[in-house]
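The sequence shown maps to residues 2 to 340 in our numbering.
Virtual Cβ for every residue (Gly too), placed ideally from N, Cα, C.
Taking it in order: structure first as structure tokens, then the write-up.
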Amino acid sequence: MGAAVRTDDHDRRQRGENPSPLEPMDILVVDDDVEAAKAIAKALTTLGHVCRTAASGEEALALIAERRPDVVVSDWEMSGMTGAELCKRARATGAANGDAFYMYFILVTGRGDREHRLAGMEAGADDFQSKPVDLDELEARLVSAARVVALHRKLAEQTAQLRRESRRLYVAARTDALTGVHNRLALRDELAQMYARATRYDHRYALGICDVDLFKAYNDTFGHVAGDHALCAVADAIRTTVRASDAIYRYGGEEFVILFPEQTLAQAALAMERVRLAVERLKIPAPGGGVLTVSAGVAEVDPQADRSPEEWLARADAALYGAKADGRNRVETLSSSSS
Numbered sequence: 002m003g004a005a006v007r008t009d010d011h012d013r014r015q016r017g018e019n020p021s022p023l024e025p026m027d028i029l030v031v032d033d034d035v036e037a038a039k040a041i042a043k044a045l046t047t048l049g050h051v052c053r054t055a056a057s058g059e060e061a062l063a064l065i066a067e068r069r070p071d072v073v074v075s076d077w078e079m080s081g082m083t084g085a086e087l088c089k090r091a092r093a094t095g096a097a098n099g100d101a102f103y104m105y106f107i108l109v110t111g112r113g114d115r116e117h118r119l120a121g122m123e124a125g126a127d128d129f130q131s132k133p134v135d136l137d138e139l140e141a142r143l144v145s146a147a148r149v150v151a152l153h154r155k156l157a158e159q160t161a162q163l164r165r166e167s168r169r170l171y172v173a174a175r176t177d178a179l180t181g182v183h184n185r186l187a188l189r190d191e192l193a194q195m196y197a198r199a200t201r202y203d204h205r206y207a208l209g210i211c212d213v214d215l216f217k218a219y220n221d222t223f224g225h226v227a228g229d230h231a232l233c234a235v236a237d238a239i240r241t242t243v244r245a246s247d248a249i250y251r252y253g254g255e256e257f258v259i260l261f262p263e264q265t266l267a268q269a270a271l272a273m274e275r276v277r278l279a280v281e282r283l284k285i286p287a288p289g290g291g292v293l294t295v296s297a298g299v300a301e302v303d304p305q306a307d308r309s310p311e312e313w314l315a316r317a318d319a320a321l322y323g324a325k326a327d328g329r330n331r332v333e334t335l336s337s338s339s340s
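Right, here's the structure in full:
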């Protein structure tokens, strides 16, 4: 960098005169002249900043990857990687890693021609510092740097907050407010995805539909509050019975759908039987005596026969209807060949 810092500026800061109005920033000073880099870093430290130094572009990239600084002050003319090349590579690495915060880049140069400055800007530089480095001039440039860094940090925080809120709303829109399982909207989306994978890659998927038996009579007898408690208990029983990879949806008022990835019709039927027993063991009193139970229908997707996910779902629904017709509190299956 040549003469690193004008000594009158440096001495004035050391005596405590004209203290910097800036908030402390993390600054990386890069120069293959080690003593020049140390002098710049020492001067910036007197302004209250935290400074590190690097003697080459490669070392600077490693330090940036380790802890991204707010500002990089780099000499342009260095052996090996130039300051402009360092800036370009640092920008590219930050973009590839999805870096949310902005790094302000100041190139120190003894040239002031338009083409030279334009090349630096095309490499991603934000500002230029003339040689020899004048501390007052550099401090003024750091004022701009602080504003830009603060603005980008605020924008990044707002963006992250918006993403979190968007994700929260997305999940809420696909979650049943009463039971906490997925809702019908989520089922529509995920059923289509599973059907597409099954038909394209010949994966095995099955689904089951279970319906709380005589639930209208239960509501009429015990009231809707008790009915809501019963539905939550049924949902919890299903959740604790099926695998973590299985997905549970509230399909209708008292109907639940369970998707069984990579399970055959027989395997899914056994899983639904475990669900049926789990609900029965809740021993929720039913109107007219006995306990609350569920009936269930199970179907496996058939890529050769099912023309849509709705046909797959309809076969499970038909199996459920058969279970109801055969006396309730039972599990029925329906293959595509028998539909």
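Residue of GLU86, THR46, MET82, GLU24 minimising C-alpha distance to ALA146: GLU24
Rounded C-alpha distance that separates GLY298 from ALA269: The alpha-carbon atoms of GLY298 and ALA269 are separated by roughly 10 angstroms.
Would you kindly report the start and end of the unbroken beta strand (DSSP E) that includes GLY298? 295-301
Between which two residues does the alpha helix (DSSP H) holding ARG198 run? Counting along the chain, the alpha helix (DSSP H) containing ARG198 begins and ends at 185-202.
Any idea what DSSP makes of PRO310, helix, strand or coil? helix
Quick one: Cα of VAL172 to Cα of ALA56, how far? 49 angstroms
Would LEU260 and ALA207 be called neighbours here (beta carbons separated by less than 9 angstroms)? yes
Which first and last residues belong to the alpha helix (DSSP H) in which GLN268 is found? 266-281
Reduced DSSP category for PHE223 - H, G, I as helix; E, B as strand; rest coil: helix
Cβ of LEU188 within 9 angstroms of Cβ of TYR250? yes
Beta-carbon gap between LEU29 and LEU136 smaller than 9 angstroms: no
Can you say whether ASP114 is buried or exposed, counting buried as having 16 or more other CB atoms within 10 angstroms of its CB? exposed
DSSP puts PHE216 in a beta bridge; with which residues? Note: PHE216 sits in no beta bridge, so no partner.
Determine the extent of the beta strand (DSSP E) in which THR160 is found, giving its start and end residues. No beta strand (DSSP E) contains THR160, which is instead part of the alpha helix (DSSP H) from 136-174.
Return the first residue and the last residue of the alpha helix (DSSP H) that ALA37 is part of. Residues 35-47.
Which residue's Cα is closest to the Cα of GLY181: VAL235, VAL144, ASP214, ASP221? Closest option to GLY181, Cα to Cα, is VAL235.
Is it the case that the Cβ atoms of GLU255 and ASN330 are separated by a distance below 9 angstroms? no
In the DSSP assignment, the alpha helix (DSSP H) including ALA248 goes from what residue to what residue? First-last for ALA248: 248-251, but that is the beta strand (DSSP E), not the alpha helix (DSSP H).
With a 10 Å radius around its C-beta and 16 neighbouring C-beta atoms as the bar for buried, classify ARG112 as buried or exposed. exposed
To the nearest angstrom, how far is the alpha carbon of ASP34 from that of ASP76? 9 angstroms
Close Cβ partners of LEU283 (< 8 angstroms) along its chain, the five nearest in sequence each way excluded: ALA234, VAL235, ALA238, VAL292, LEU293
Kindly list the residues whose CB is nearer than 7 angstroms to the CB of ARG118, restricted to its own chain and excluding five residues on each side of it in sequence; keep chain order. PHE129
To the nearest angstrom, how far is it from the Cα of THR110 to the Cα of TYR202? 59 angstroms
Check whether the Cβ atoms of GLU59 and GLY81 lie closer than 9 angstroms to each other. yes
Inter-residue CB distance, LEU186 and ALA174 (contact presumed, cutoff 8 angstroms): 6 angstroms
Suppose the cutoff is 6 angstroms on Cβ atoms and the five residues either side in sequence are ignored; what does the same chain contact list for GLY121 look like? ALA85, LEU108
Could you tell me the alpha carbon to alpha carbon distance between VAL213 and ALA320, rounded to whole angstroms? C-alpha separation (whole angstroms): 15 angstroms.
Between GLY17 and the rest of its own chain, which residues show a CB-CB distance below 6 angstroms, the 5 nearest in sequence each way excluded? No answer about GLY17 holds up, because its pLDDT of 46 lies below 50 and its placement is not dependable.
Out of ALA324, LEU45, LYS325, PRO286, which has the shortest C-alpha to C-alpha gap to VAL134? LEU45
I need the boundaries of the alpha helix (DSSP H) containing LEU64, first residue and last residue. 58-67
Is the beta carbon of ALA91 closer than 9 angstroms to that of VAL73? yes
Quick one: is ARG14 buried, meaning 16 or more other Cβ sit within 10 Å of its Cβ, or exposed? Because ARG14 sits at a pLDDT of 49, beneath the cut-off of 50, its placement in the model cannot be relied upon, and the following sentence gives the value as read from the coordinates. That one is buried.
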